[in-house]
Amino acid sequence: MKRLNVILLTLSVLLSPVVLANEEGTAVEAPQTTTEGPVQVIQSTIVKLNQLTTAANYSPQMVKFLVDSEIAPLFDFDYIADEVLLVSKVSLSEDEVKFFSNRLKQNIITTLLSRLAQSRSSSFNFISARPVTGGNIIVKLKANGYSRFGFNL
Numbered sequence: 010m011k012r013l014n015v016i017l018l019t020l021s022v023l024l025s026p027v028v029l030a031n032e033e034g035t036a037v038e039a040p041q042t043t044t045e046g047p048v049q050v051i052q053s054t055i056v057k058l059n060q061l062t063t064a065a066n067y068s069p070q071m072v073k074f075l076v077d078s079e080i081a082p083l084f085d086f087d088y089i090a091d092e093v094l095l096v097s098k099v100s101l102s103e104d105e106v107k108f109f110s111n112r113l114k115q116n117i118i119t120t121l122l123s124r125l126a127q128s129r130s131s132s133f134n135f136i137s138a139r140p141v142t143g144g145n146i147i148v149k150l151k152a153n154g155y156s157r158f159g160f161n162l
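And the structure:
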């Protein structure tokens, strides 16, 4: 669950330049992850999230647009739902699995949006990042002013 929280936070940071660009009326290219390493992408994302949450004309609608357009497509909610159901040893039909996946996505995105909307004066500090097996990255952040991110189904 902690890994999911870190991933959600880093993804929200990646999307903030798009919202700021739309606000200023200028076009900005999406960050290229192929040229930068994952650590640099995470660091730049944290900076962008700090800029978005401390902007003078901050609005929850900007954050929602950012999360819906940039963060949500990066997650494979069907895979997450399959893993949760596999661990819990629950056998469901295909329609029930799809419903569970959609419910999981809705809950995660709604919780993320509510936490980001509450944390206008907060900031993140990048501490470290290290790769682990399976192509994953563990990131240590210091989150000032944020409450714990909890996801309840």
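Residues 10 to 162, numbered by our numbering, are exactly what the sequence shown covers, in order.
Glycine included, every Cβ here is placed at the ideal spot set by N, Cα and C.
Quiz item: What number of angstroms, rounded off, separates the C-alpha of residue 86 from the C-alpha of residue 104?
Solution: 14 Å
Practice problem: Reducing DSSP to helix, strand and coil, say where residue 149 ends up. | Solution: strand
Self-check item: Residue span of the alpha helix (DSSP H) that contains residue 97, given as start and end
Solution: 86-97
Quiz item: For residue 110, which three-state DSSP category applies?
Solution: helix
Practice problem: Assign residue 137 to one of three DSSP states: helix, strand, or coil. | Solution: Of the three classes helix, strand and coil, the one that applies to residue 137 here is strand, per DSSP.
Quiz item: What's the call for residue 108, buried or exposed, on a 16-neighbour Cβ count within 10 Å?
Solution: exposed
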